[in-house]
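The block underneath contains the structure these notes are about, expressed in structure tokens.
Residue numbers (the working numbering), protein chains in the order written: chain A, 1 to 304; chain B, 305 to 565.
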């Protein structure tokens, strides 16, 4: 396979604090790769290092065959970026935002203008092409930012939390568009802390914590490798006390968080039978998912 | 890797689309902007020139109005580059995050900062030309030499844009700029011979005036409007260029540092 983004032993610290602490990564052409991690894990800094916007303290970065940051300018000609915070130009209309942005890539006006109708259609913004940015909804702004990242027909798109702050309808539309982009053969690198987003979109993902990639595989393999296949969440009054007395007997592993006991099991049968007799407890039986892996690997305590 | 902060600017033609972007924004408010550029010198020249001027005898061999005109060309261009580099530049860098958007493309910070300076200087050019138009309409200057005030306006713009961007790079918020205007721009206006000859000042202040860039601009502009060639023109130009180049370099280093996190 053809590696289009690579990093070897990437390190970056700010004020003596290691933010990125030995990251190795290799992303193949056509892949949708997710970088998952709690706030402050170093996801955004990793993206900045890979894009050549920040120089690493040590380590090597390759982007589309160029050495970064030294040849980042040439590499970024064929890269699109959807930043975490919207930075559309508020003084311009929707279409002007695309035109002005295309110029930064050295594209000629007729070339950009020929691409605008298709980009607007992709973003479902054809009817808004002359609208000013402050009049757009959050979802529209994100879609326009995505369309803007495609103006130069890039080979790779970097997305930093592309759906944070959007309502479910808006998120689903973005996901659909990202799948279309992947189907066109483009490579996607996205950061997120939405597990469902990562599970739906990504071929492969890496879980990042404290500046390190602590696990890396396909979503399914990560679940199979790191966690028991089934989860029974037991809640209600007395769930904590119940867990301390009985959970170890039925579950390979359990965790108590607040009023809920999370029981991880290979076979849920005996536990469910037991719970059937304990009327005061309520429970939810579900297959293990990425969030379980994530919480197992990064812990349940808050990161702030 | 912090050595990168101190490398000399690596310039490219990619500043052009950024300049075009600023111009396109300006075009949407062009009418008000031009009116502002015209109103400022009219108010100063008419208010101070006729009001104060009627009380004053000739100054350095010309009418006070013409004396003031030479100062106003420089003062107005200084102001317009400073406002653009500080307030508008800060908005683009910090508030709207326009720079972040641009930096994700093949454009580098060096191009972005160069574009800011050239754009602020373009605003100065417009301001300077507006003052000249007012001067011509009032019939104050009758000499072709006054046309040289146009490139001078550009140079003054480059100079104050570069110096101003140092403040933009350091600013935590807009409030910070008050210090610059109160402690740098206003004293500059009073010490550099805009309203009265520097010779009126005590010698300590005269010495200070001699190192301020605006004095050098005024020393070029005033003779030109008066129809004579400025003496030591090359020295004055060299000082303005030195301020421009060092301002560009220092502000770039500070921006690199600020935006590296």
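Quick reminder that beta carbons are idealized off the backbone N, C-alpha and C, glycines included.
Grab me the residues of residue 516 (chain B)'s own chain with a C-beta within less than 7 Å of its C-beta, minus the 5 sequence neighbours each way, in chain order.
By one-based count along the second chain, residue 516 (chain B) stands at place 212. Taken in chain order, the residues that qualify are 492, 495 and 496.
Would you say residue 431 (chain B) and residue 358 (chain B) are within 7 Å of each other, going by their C-beta atoms?
Here residue 431 (chain B) is taken as the residue at index 127 of the second chain, counted from 1. Here residue 358 (chain B) is taken as the residue at index 54 of the second chain, counted from 1. Contact flag unset, no.
Min CB distance residue 305 (chain B) to chain A below 7 Å:
Within the second chain, residue 305 (chain B) is the residue found at index 1, counting from 1. Any answer about residue 305 (chain B) is weak, because its pLDDT of 46 lies below 50 and its placement is not dependable; what the coordinates show is given next. Flagged as an interface residue toward chain A: residue 305 (chain B), by a C-beta distance shorter than 7 Å.
Could you check the C-alpha separation between residue 305 (chain B) and residue 57 (chain A) for me, to the nearest Å?
Locating residue 305 (chain B) in the second chain gives position 1, counting from the first residue. Locating residue 57 (chain A) in the first chain gives position 57, counting from the first residue. Low per-residue confidence applies at residue 305 (chain B): pLDDT is 46, beneath 50, and the placement is therefore not dependable enough to give any value.
The alpha helix (DSSP H) with residue 129 (chain A) in it runs from where to where?
As a first step, residue 129 (chain A) is located in the first chain; it is residue number 129 there, counting from the start. Premise fails: residue 129 (chain A) is in no alpha helix (DSSP H) and is neither H nor E.
Does DSSP put residue 296 (chain A) in a helix, a strand or coil?
Position 296 of the first chain holds residue 296 (chain A). Helix, per DSSP.
From residue 327 (chain B) to residue 366 (chain B), what distance separates their C-alpha atoms?
For this step, residue 327 (chain B) is matched to residue 23 along the second chain. For this step, residue 366 (chain B) is matched to residue 62 along the second chain. C-alpha separation (whole angstroms): 38 Å.
Can a CB atom of chain A be found closer than 7 Å to the CB of residue 411 (chain B)?
Here the question's residue 411 (chain B) lines up with position 107 in the second chain. Answer yes: the Cβ-Cβ gap between residue 411 (chain B) and chain A drops below 7 Å somewhere.
Using 7 Å as the limit for Cβ to Cβ distance, is residue 130 (chain A) near chain B?
Locating residue 130 (chain A) in the first chain gives position 130, counting from the first residue. Output row for residue 130 (chain A): interface = no.
Have a look at the DSSP bridge pairing and note the partners of residue 58 (chain A).
As a position in the first chain, residue 58 (chain A) is number 58, starting the count at 1. DSSP output for residue 58 (chain A) lists A:11 as bridge partner(s).
Closest by C-alpha distance to residue 124 (chain A), when choosing among A:288, A:114, A:94 and A:260
The sequence position of residue 124 (chain A) within the first chain is 124, counting from 1. It is A:94.
Using alpha carbons as the reference points, say which of A:202, A:232 and A:240 lies closest to residue 219 (chain A).
Residue mapping note: residue 219 (chain A) aligns to position 219 of the first chain, counting from 1. Ranking the options by Cα distance to residue 219 (chain A), first place goes to A:202.
Cβ of residue 473 (chain B) within 7 Å of any chain A Cβ:
Mapped onto the second chain, residue 473 (chain B) falls at position 169. Chain A, which has no Cβ nearer than 7 Å to the Cβ of residue 473 (chain B), makes this no.
Beta-carbon of residue 55 (chain A) versus every beta-carbon of chain B: anything under 7 Å?
Here residue 55 (chain A) refers to the residue found at position 55 of the first chain. It does: the Cβ of residue 55 (chain A) has a partner Cβ on chain B nearer than 7 Å.
For a quick check, are the C-beta atoms of residue 297 (chain A) and residue 198 (chain A) less than 7 Å apart?
For this step, residue 297 (chain A) is matched to residue 297 along the first chain. For this step, residue 198 (chain A) is matched to residue 198 along the first chain. Result no, Cβ atoms of residue 297 (chain A) and residue 198 (chain A) do not sit closer than 7 Å.
Taking a contact to mean a Cβ-Cβ separation below 7 Å, would you say residue 552 (chain B) touches residue 472 (chain B) in this structure?
Within the second chain, numbered from 1, the residue matching residue 552 (chain B) stands at position 248. Within the second chain, numbered from 1, the residue matching residue 472 (chain B) stands at position 168. The Cβ atoms of residue 552 (chain B) and residue 472 (chain B) do not sit closer than 7 Å to each other.
Residue 85 (chain A): contacting residues in chain B (beta-carbon distance under 9 Å)
Reading the first chain from its first residue, position 85 is the one you call residue 85 (chain A). Neighbours of residue 85 (chain A) on chain B, chain order: 401 and 404.
Relative to the alpha-carbon of residue 435 (chain B), which residue among B:424, B:522, B:556 and B:349 has its alpha-carbon at the smallest distance?
Counting from 1 along the second chain, the entry for residue 435 (chain B) is found at position 131. It is B:349 whose Cα lies nearest to the Cα of residue 435 (chain B).
Over what stretch of residues does the alpha helix (DSSP H) that includes residue 435 (chain B) continue unbroken?
Position 131 of the second chain holds residue 435 (chain B). From DSSP, the alpha helix (DSSP H) with residue 435 (chain B) extends over 413-441.
Looking at C-beta atoms only, is the number of pairs between the segment 138-156 of chain A and the segment 78-90 of chain A that lie closer than 8 Å three or more?
Between the segment 138-156 of chain A and the segment 78-90 of chain A, the count of C-beta pairs closer than 8 Å reaches three or more; the two stretches touch.
Would you say residue 307 (chain A) lies against chain B (beta-carbon separation less than 7 Å)?
Missing from the structure shown is residue 307 (chain A); chain A here goes from 1 to 304 and no further.
Taking the straight line between their C-alpha atoms, what separation do you get for residue 210 (chain A) and residue 42 (chain A)?
Within the first chain, numbered from 1, the residue matching residue 210 (chain A) stands at position 210. Within the first chain, numbered from 1, the residue matching residue 42 (chain A) stands at position 42. Straight-line Cα distance between these residues: approximately 7 Å.
Select from B:555, B:441 and B:428 the residue whose C-alpha is nearest the C-alpha of residue 455 (chain B).
On the second chain, residue 455 (chain B) is found 151 positions in, with the first residue counted as 1. Per the Cα distances, B:428.
Between residue 151 (chain A) and chain B, is there a C-beta pair that is closer than 7 Å?
By 1-based counting over the first chain, the position of residue 151 (chain A) is 151. Residue 151 (chain A) does not count as touching chain B.
Residue 262 (chain A) and residue 237 (chain A): beta carbons closer than 7 Å?
Here residue 262 (chain A) corresponds to residue number 262 of the first chain, with the count starting at 1. Here residue 237 (chain A) corresponds to residue number 237 of the first chain, with the count starting at 1. Contact flag unset, no.
Using a Cβ-Cβ distance cut-off of 7 Å, determine whether residue 81 (chain A) contacts chain B.
Here the question's residue 81 (chain A) lines up with position 81 in the first chain. True, the Cβ-Cβ gap to chain B drops below 7 Å.
Does the contact criterion of 3 or more C-beta pairs under 8 Å hold for the segment 411-428 of chain B versus the segment 317-327 of chain B?
yes
Determine the burial state of residue 230 (chain A): buried for a count of at least 16 other Cβ atoms within 10 Å of its Cβ, exposed for fewer.
Position 230 of the first chain holds residue 230 (chain A). By the beta-carbon neighbour count (other beta carbons within 10 angstroms, threshold 16), residue 230 (chain A) is buried.
Within 10 angstroms of its Cβ, does residue 477 (chain B) collect 16 or more other Cβ (buried), or is it exposed?
Numbered from its first residue, the second chain carries residue 477 (chain B) at position 173. Counting Cβ neighbours within 10 Å, residue 477 (chain B) comes out exposed, since fewer than 16 surround it.
Kindly indicate which three-state DSSP category residue 217 (chain A) falls into: helix, strand or coil?
Here the question's residue 217 (chain A) lines up with position 217 in the first chain. Note: residue 217 (chain A) maps to strand in three-state DSSP.
Classify residue 264 (chain A) as helix, strand or coil using the three-state DSSP reduction.
Residue mapping note: residue 264 (chain A) aligns to position 264 of the first chain, counting from 1. Here residue 264 (chain A) sits in strand by DSSP.
Closest to residue 177 (chain A) by CA distance: which of A:283, A:193 and A:200 is it?
Here residue 177 (chain A) refers to the residue found at position 177 of the first chain. Answer by Cα proximity: A:200.
Three or more C-beta pairs under 8 Å: does that hold for the segment 440-452 of chain B against the segment 525-535 of chain B?
yes
Rounded to the nearest angstrom, what separates residue 52 (chain A) and residue 23 (chain A) at their Cα positions?
Numbered from its first residue, the first chain carries residue 52 (chain A) at position 52. Numbered from its first residue, the first chain carries residue 23 (chain A) at position 23. Rounded to whole angstroms, the gap between the alpha carbons of residue 52 (chain A) and residue 23 (chain A) is 15 Å.
Give the single residue among A:86, A:55, A:283 and A:96 whose Cα lies nearest to the Cα of residue 71 (chain A).
The count along the first chain starts at 1 and reaches residue 71 (chain A) at position 71. When C-alpha distances from residue 71 (chain A) are compared across A:86, A:55, A:283 and A:96, the shortest belongs to A:55.
Reduced DSSP category for residue 267 (chain B) - H, G, I as helix; E, B as strand; rest coil
Any question about residue 267 (chain B) goes unanswered here, given that chain B covers just 305 to 565.
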